[in-house]
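Counting from 6, one number per residue, gives the positions in the sequence shown under this note's numbering.
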Amino acid sequence: MAIRFPATILVFAAVLWVKAIYPASSGIADTDFFWHLTYGQWIIENGAIPAGDIFSWTFSGHPYQLTQWFGEALMGLAYNAAGLDGTKLISVALTAITIGFAWLAAKRFVHTSMALGIAILCNLVHIVTPMRPQLFTFALLAIGAWMVTSYIATRRMRYLAAYPVMMVLWVNLHGGFVTGLMLIGLVALGLTAEAFMKKTLREEMRGLAMVWGVVCVSTLATLLNPYGANAILTVLMIGGLRSASVISEWMPVNLTTELGWFYLLNLVPYVAVMAVSGVRPRLSHGLIAGFFLVFGVLANRQVAMCAAVMAPFMAALLARTPHYEKLLASCGNPNRPLAHGLIAAALAASFPAIAAKGNGTWAATLNNQYPIEATNFLVQHNLTDRVMSDTLEASYLIHRGVPVFVDGRMDLYRDQFYFEWYLASRATPGWDALVERHAPQAMLLRLDMAIRQAALASGKWKQVYEDARYSVLVPASFAIELPEVRPAEVTYLDGKGKLIRPYMP
Numbered sequence: 006m007a008i009r010f011p012a013t014i015l016v017f018a019a020v021l022w023v024k025a026i027y028p029a030s031s032g033i034a035d036t037d038f039f040w041h042l043t044y045g046q047w048i049i050e051n052g053a054i055p056a057g058d059i060f061s062w063t064f065s066g067h068p069y070q071l072t073q074w075f076g077e078a079l080m081g082l083a084y085n086a087a088g089l090d091g092t093k094l095i096s097v098a099l100t101a102i103t104i105g106f107a108w109l110a111a112k113r114f115v116h117t118s119m120a121l122g123i124a125i126l127c128n129l130v131h132i133v134t135p136m137r138p139q140l141f142t143f144a145l146l147a148i149g150a151w152m153v154t155s156y157i158a159t160r161r162m163r164y165l166a167a168y169p170v171m172m173v174l175w176v177n178l179h180g181g182f183v184t185g186l187m188l189i190g191l192v193a194l195g196l197t198a199e200a201f202m203k204k205t206l207r208e209e210m211r212g213l214a215m216v217w218g219v220v221c222v223s224t225l226a227t228l229l230n231p232y233g234a235n236a237i238l239t240v241l242m243i244g245g246l247r248s249a250s251v252i253s254e255w256m257p258v259n260l261t262t263e264l265g266w267f268y269l270l271n272l273v274p275y276v277a278v279m280a281v282s283g284v285r286p287r288l289s290h291g292l293i294a295g296f297f298l299v300f301g302v303l304a305n306r307q308v309a310m311c312a313a314v315m316a317p318f319m320a321a322l323l324a325r326t327p328h329y330e331k332l333l334a335s336c337g338n339p340n341r342p343l344a345h346g347l348i349a350a351a352l353a354a355s356f357p358a359i360a361a362k363g364n365g366t367w368a369a370t371l372n373n374q375y376p377i378e379a380t381n382f383l384v385q386h387n388l389t390d391r392v393m394s395d396t397l398e399a400s401y402l403i404h405r406g407v408p409v410f411v412d413g414r415m416d417l418y419r420d421q422f423y424f425e426w427y428l429a430s431r432a433t434p435g436w437d438a439l440v441e442r443h444a445p446q447a448m449l450l451r452l453d454m455a456i457r458q459a460a461l462a463s464g465k466w467k468q469v470y471e472d473a474r475y476s477v478l479v480p481a482s483f484a485i486e487l488p489e490v491r492p493a494e495v496t497y498l499d500g501k502g503k504l505i506r507p508y509m510p
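Take a look at the structure:
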């Protein structure tokens, strides 16, 4: 029996290798990672889903719905088993599913090597995306895109038969399940429009009825979650929060940033193929691709969702151009088991050393990303009951068991509370009234925060801890005597006049 090791398999494995050696793949780079993880660990430990908030001192006990409870539980299981290596393993596996199904779907239209290239091009953003429940949505979107493109091409119902089952799983993994309903809905709408334009509605009525039936059953399937119909309502509520306008992951995509470039890798080739060849996609394909290209640019967090579905539609468009036959002649997929096996072995052998070096770099700089030592100070001096901090630090505080003032769960705090803190943190007039109203026992603040400078200038707060990035302030009249630490001078600009921003290595 001949041993096969085609070049495409080696390239696919190499891409996953890059994902695996990237330390941030574990989720450590994501500011919400720790509270997702802690929820997962709580669910595993208690065998239940918390009915209300259990992490803040401002909204403690307030009703709260975990639309990604199962995804968080899987993260908790992986972390309990193998720490950050466990969550990284899930991240790599989900990326493999995303790119793998994008490749499989694109291969229906173009040569396998070209299909892999398109799948990787569209999904480069997933290689650098940290672990969080949203990765389950990316993987399931890619599977869904494979299902629907296969059905559109063959009209075989077996490709859509498992769609409602997928939605049952999806609704418990992450709130992005709504995009799965959008995807199947667009398929039904596109095929109906195609039949109408071709005047074949009567002939295709049975097939269209079955597709619309899948839409209905898939929608009903999303009721199979702990919150029933409220799961959809919660996702819609989150999408309508105005606080999203000042949260970076919800802001529209800036095309000059790295994330903007990842988005353009999906938009530009798709538009360029149409512009150069004059070919237009079939209506159902164009409807889905157009929707996700618009959807993807509306928010930074949606770029990866767009990327997960675009590969097959880009491949289908390319296959219809007169240039494809010329490109096909240059396509190949050489099978060299010995050479490819040696390369794969070299990647595997070098993985431990490279991964360890990357992890070491993160470990050495982690206190600049999260308030590790500052939290140790709070715990040591029993200052953990009412700590006021920003959302960036709150996720780590939750992981350490410290109740928080506000964090990244905007669907819990809602617009008014979040904006009150957002404005106060920038020391706008009235910041002191908010602090007095909530009467924190301590404030853990980044050195460059305006509220820190205003609090120190007011004389009502004194600094008792400071490191390279974080400080701890307590009321000047604090009953327990703690030595005051004189604030160091904060540098906001570098030597070239550019704003200094702490970075994630």
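All C-beta atoms, glycine included, are put in the ideal place defined by N, C-alpha and C.
Just how far apart, CA to CA, sit residue i and residue j?
i, j, result
"V384", "V407", "8 Å"
"V20", "D35", "21 Å"
"M242", "Y69", "13 Å"
"V23", "F10", "19 Å"
"A193", "F75", "29 Å"
"D37", "R451", "17 Å"
"I377", "E486", "23 Å"
"Q421", "A481", "29 Å"
"L94", "V16", "19 Å"
"A7", "A399", "56 Å"
"G218", "F296", "22 Å"
"S394", "V411", "7 Å"
"R113", "V284", "18 Å"
"T224", "P169", "8 Å"
"Y156", "H41", "35 Å"
"T389", "D453", "22 Å"
"R457", "V273", "44 Å"
"R419", "F64", "11 Å"
"A473", "N373", "7 Å"
"I26", "F356", "7 Å"
"Q446", "I104", "48 Å"
"T134", "G464", "43 Å"
"Y401", "M152", "39 Å"
"S30", "E77", "16 Å"
Ends of the alpha helix (DSSP H) at residue i?
i, result
"P203", "Pro is not the amino acid found at residue 203; the sequence shown has Lys there. Here the alpha helix (DSSP H) through K203 covers F182 to K203."
"V490", "Counting along the chain, V490 falls outside any alpha helix (DSSP H), and DSSP gives it neither H nor E."
"P480", "Taken as a continuous stretch (DSSP letters only), P480 belongs to no alpha helix (DSSP H), being part of the beta strand (DSSP E) at Y475 to P480."
"Q46", "F38 to N51"
"D416", "M415 to S430"
"R207", "L206 to A226"
"W266", "E263 to S282"
"S463", "A455 to S463"
"A29", "Careful: A29 lies outside any alpha helix (DSSP H) and carries neither H nor E."
"H290", "L288 to V302"
"M242", "N235 to G244"
"I132", "L129 to I132"
Starting from residue i, trace the beta strand (DSSP E) both ways and give me its first and last residue.
i, result
"Q468", "W466 to E471"
"R451", "A447 to R451"
Near residue i, which residues of its chain fall below 8 Å by C-beta distance, leaving aside the five closest residues on each side in sequence?
i, result
"A455", "S430, R431 and A432"
"S250", "M256"
"I148", "I102, F106 and M171"
"L288", "G195, A198, E199 and M202"
"D416", "Y69, Q70, T239, M242, I243 and L246"
"S253", "N305"
Looking only at its chain, what residues have a beta carbon closer than 6 Å to the beta carbon of residue i, apart from the 5 residues adjacent to it on each side?
i, result
"P339", "A12"
"P286", "L322"
"F100", "The residue asked about is misnamed: residue 100 is Thr in this sequence, not Phe. Hits under 6 Å: K24 and H131."
Comparing the C-beta of residue i with each C-beta of chain B, is any distance below 8 Å?
i, result
"G233", "Note that chain B does not occur in the displayed structure, where there is just one protein chain."
Leaving aside the five residues before and after residue i along the sequence, list all residues of the same chain whose C-beta is less than 7 Å from its C-beta, in chain order.
i, result
"P510", "Annotation note: pLDDT 39 at P510 (below 50); position unreliable, coordinate value reported separately. So the list reads T366, W367 and T370, once near-sequence residues are dropped."
"L270", "L126, C127 and L129"
"T43", "I403 and H404"
Note down, one range per segment and in chain order, each alpha helix (DSSP H) of at least 4 residues found wholly within the segment 137 to 174. 139 to 159
Any alpha helix (DSSP H) of 4 or more consecutive residues that is wholly inside the segment 356 to 398: 377 to 385
Is the segment 259 to 269 in contact with the segment 198 to 211, if contact means three or more CB pairs nearer than 8 Å? no
Could you tell me which whole alpha helix (DSSP H) segments of length 4 or greater appear in the segment 311 to 363? 329 to 334
Using 8 Å as the threshold, is the segment 309 to 316 in touch with the segment 347 to 366, meaning 3 or more CB pairs across them? no
Cβ contact check for the segment 121 to 135 and the segment 343 to 350: 3 or more pairs under 8 Å: no
Does the segment 272 to 283 come into contact with the segment 175 to 182, if we say contact requires no fewer than three beta-carbon pairs (one atom in each stretch) closer than 8 Å? no
Could you say if the segment 50 to 68 and the segment 129 to 140 meet the contact criterion of at least three C-beta pairs nearer than 8 Å? no
Using 8 Å as the Cβ pair cut-off and three pairs as the minimum, do the segment 172 to 179 and the segment 224 to 235 touch? yes
Is there contact here, the segment 411 to 429 with the segment 437 to 446, by at least three beta-carbon pairs under 8 Å? yes
Are the segment 148 to 163 and the segment 304 to 311 in contact at 8 Å, needing three or more beta carbon pairs? no
May I have a chain-ordered list of the alpha helix (DSSP H) segments no shorter than 4 residues that lie completely inside the segment 61 to 127? 74 to 87, 89 to 111 and 117 to 127
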